[in-house]
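Have a look at the structure below before the remarks.
Residue numbers (my numbering): 3 to 187.
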């Protein structure tokens, strides 16, 4: 009936080790990507914990974009991207244009719930995957229109919680962007 006890144990031990290696490998693949983010990111506005709900799991996190959102007529836009394993997780953008020009916001996807007004800036909206705010910055030396946008991947979030997250992220972003762009100074 199959040989010595040691000859039966070896294949069983080998299978156990292979299963343990596979399980360990799967556990390592499920690392929270937020832990790889710098403590502050996207123009220095957001902390690691701010963006954690949008990150999901992954092995490689890449943040690209300038260190700040200081916009001028010569530098009218700034964008920060956060990718996890090559997939976009967060996009944060600031755009400046001459006073009197309006920002055009195309209609949202008809298959998604309609955006809601966001009481920030002069005009704002929030939807399930992001938020936008537009405001007029009138200063003693410089006046311009400013649009702030942020969007993110919500696939790892509990349904129905994303709009609250994007509202709080936009409120934080708005205050920082006003200072960085010298809006109203």
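In this text, a Cβ means the ideal position worked out from N, Cα and C, and glycines have one as well.
Burial state of residue 84 is buried, judged by a 10 Å Cβ sphere holding 16 or more other Cβ atoms. Secondary structure in the stretch 120-182: the beta strand (DSSP E) runs of 3 residues or longer, each lying completely within the stretch, are 125-129, 132-140, 145-154 in chain order.
Considering only 35, 45, 162, the residue with the shortest C-alpha distance to residue 89 is 35. C-alpha of residue 63 to C-alpha of residue 154: approximately 14 Å in a straight line. Between residue 47 and the set 67, 58, 37, the nearest pair of CA atoms involves 67. Residue nearest to residue 121 within the set 133, 49, 92 is 133 (criterion: CA-CA distance). In this structure, 146 is the residue among 146, 92, 59, 58 with its C-alpha nearest to the C-alpha of residue 74. Judged by DSSP in its simplified three-state form, residue 118 adopts strand. The residues 81, 151, in chain order, have a CB closer than 6 Å to that of residue 95 in the same chain once the five nearest residues on each side in sequence are set aside.
For residue 85, the uninterrupted beta strand (DSSP E) segment begins and ends at 79-86.
Distance from the CA atom of residue 58 to the CA atom of residue 167, rounded to whole angstroms, is 15 Å. Comparing alpha carbon positions, the residue from 102, 187, 130 closest to residue 115 is 130.
Around residue 178, the same chain offers 47 as residues with beta carbons nearer than 6 Å, after the five sequence neighbours per side are excluded.
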